[in-house]
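Going left to right, the sequence shown walks through residues 1 to 293 as full-length UniProt numbering numbers them. Using N, Cα and C, we set each Cβ at its ideal position, and we do this for glycine too. This one's a predicted model, so the numbers in the text were calculated from it and none came from an experiment.
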Amino acid sequence: MNIESKWLEDFLTLADVRNFSQAAGKRNVTQPAFSRRIRALEHAVGAELVDRSKIPIELTPSGRLFRISARNLINQMVDGIGQLSGLSKLGGNIVRVAAAHSLATSLVPTIQPQLLSGKHNPLLSVEAIDVDQAIVELQEGGCDLLLAFDNELLRLPPYQSLRIGEAELLPVCACDSAGKPLYLLDNNKAVPWLAYNPSSYMGRQVEAIREQVKLEAVFSSSMTDLLKIQVLQGLGVAWLPDYSIERELAAGKVALIGEPYLRLPIAYYAYRYQARLHPAGEQVWQMLCNMVR
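Dropping the structure here:
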C-alpha cells in the first residue's frame, strides 16, 4: 500500500469542510488535482471514503473510520518528527475531545491534573457543544473521545464505551433571604420553567415527567450553565445535574424542590471508536479507565 501524507491531509481537510472546491482551495491545489488525489487515496485503501452524491458531501461508513486512522497517522508523523528534531510543539500529543457542555465544565477540570505526568504529555483540545452534536462529531470521526450521556448506539461496535459515573437531574430554584425556595412544585399553580431544548438529551429526560407538574416555560437553552445562571437570578425552576450545583446547594443559594420521583437519574460515559488511537489518545483513555476502577 502506497499512501502519501498529502493525501491524508487532503482527506482530513475535505472531511472538515465537506466541499471539494473549498477543500482544494485550502490545500492550494486545483479542484481536478485535488479530486484525483482523493481518488488515489480511495484506490490505495480499497474503499470509497466519500459519498459524492450528497450536497454537501458526506463521508461513507468507511470514510468515518478512516478519518480516525488518517488523523492518527498524521499525528504520529508530526510527533516523530518533533522528537527527532528535539522540538516541543503541539502535534501528535493533541487529543481531540467533544463533550456535552455540562460535562466539559465539570468533568474535564478533574481530568486535566492527572495528565501532567505520562510518557506522551497529552494535550486536551476540548470542544463543548450540544450533546447530540457531540455524538455526531464522534460518529463522523471528528474527535478522538466523546464525553456524553448514556447512548445505546454508542455502546455497540464499532464504538467502545466506558461508564464514568452517575448523576441526577434535580429540580431546583433559588432561595429567598430566609433560605426558603422561591417556588414550589405542588400542582396547584404553574411555575416559571427554565427548560432545556426539547430535542436535547436533557430535554428528553425532563419530558418524561413533564405532565406530572405544572410548568410554564419562560426560557429555553441546551446549555446547563446558562439555565443555572437564570435559576440563581430567581427567574424560575430548572432540572440541573447534581454535579453542576453542589456548591450552590451547600451554600443555600438554591433549594431542591418537588417530590423524590421528580429527580431523574442519568449516567455519563466516555466513548471512542474501537480503532486504536494515537499514543496520547490511548494514554487519556487508560487514565479514564483507571479513574473508574
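Next on the checklist: Just to confirm, is the Cβ distance from C143 to V172 under 8 Å?
Outcome noted: Here the question's residue 143 lines up with position 143 in the sequence shown. Here the question's residue 172 lines up with position 172 in the sequence shown. Against a cut-off of 8 Å, the Cβ pair of V172 and C143 comes out as no contact.
Checklist entry - In terms of residues, what are the limits of the alpha helix (DSSP H) holding Q133? => result Position 133 of the sequence shown holds residue 133. Counting along the chain, the unbroken alpha helix (DSSP H) around Q133 starts and ends at 131-139.
Next on the checklist: One question on the structure: do N72 and N93 come within less than 8 Å of each other, judged by their Cβ atoms?
Outcome noted: As a first step, residue 72 must be located in the sequence shown, where it is residue number 72. As a first step, residue 93 must be located in the sequence shown, where it is residue number 93. No.
Next on the checklist: Please state whether the Cβ-Cβ distance between T224 and L240 is less than 8 Å.
Outcome noted: Residue mapping note: residue 224 aligns to position 224 of the sequence shown, counting from 1. Residue mapping note: residue 240 aligns to position 240 of the sequence shown, counting from 1. Yes, the pair counts as a contact, with Cβ atoms nearer than the cut-off.
Item to check | Environment of L156 [buried if 16+ CB atoms lie within 10 Å] | outcome: By 1-based counting over the sequence shown, the position of residue 156 is 156. Classification of L156: exposed, given that the 10 Å Cβ count is below 16.
Item to check | Exposure of H101, with buried meaning 16 or more beta-carbon neighbours within 10 Å | outcome: Locating residue 101 in the sequence shown gives position 101, counting from the first residue. Buried: at least 16 other Cβ atoms inside 10 Å.
Checklist entry - Is it right to say L87 is buried, meaning 16 or more other beta carbons lie within 10 angstroms of its own, or is it exposed? => result As a position in the sequence shown, residue 87 is number 87, starting the count at 1. Bear in mind that the predicted position of L87 carries a pLDDT of just 39, short of 50, making it too unreliable to give a figure here.
Next on the checklist: If you reduce the DSSP assignment to three classes, tell me which class E127 lands in.
Outcome noted: Within the sequence shown, the letter at position 127 stands for residue 127. E127 falls in the strand class under three-state DSSP.
Checklist entry - In angstroms, rounded to a whole number, what distance separates the CA positions of K26 and S35? => result In the sequence shown, counting from the first residue as 1, residue 26 sits at position 26. In the sequence shown, counting from the first residue as 1, residue 35 sits at position 35. K26 and S35 have their C-alpha atoms roughly 13 Å apart.
Next on the checklist: Helix, strand or coil, according to DSSP, for D176 in the structure here?
Outcome noted: Position 176 of the sequence shown, counting from 1, holds the residue named residue 176. D176: coil per DSSP, three-state reduction.
Checklist entry - Run through DSSP, which three-state label would G203 get? => result Taking the first residue of the sequence shown as 1, we reach residue 203 at position 203. Reduced to three states, the DSSP call for G203 is helix.
Checklist entry - Are the region 158-172 and the region 259-277 touching by the rule of at least three beta carbon pairs closer than 8 Å? => result Touching, per the Cβ criterion.
Next on the checklist: Applying the 10 Å Cβ sphere with the 16-neighbour rule, what's the burial state of Y271?
Outcome noted: In the sequence shown, the residue the question calls residue 271 occupies position 271. With 16 or more other Cβ atoms within 10 Å, it is buried.
Item to check | Best match in L153, S199, T105, L138 for proximity to L65 [C-alpha to C-alpha] | outcome: Here residue 65 refers to the residue found at position 65 when the sequence shown is read from its first residue. Selected option, being the one with the closest Cα: L138.
Next on the checklist: So within the region 202-242, which uninterrupted alpha helix (DSSP H) runs reach at least 4 residues, ignoring any that extend past its ends?
Outcome noted: Assignment of alpha helix (DSSP H) within the region 202-242, counting only whole runs of 4 or more residues, yields 224-232 in chain order.
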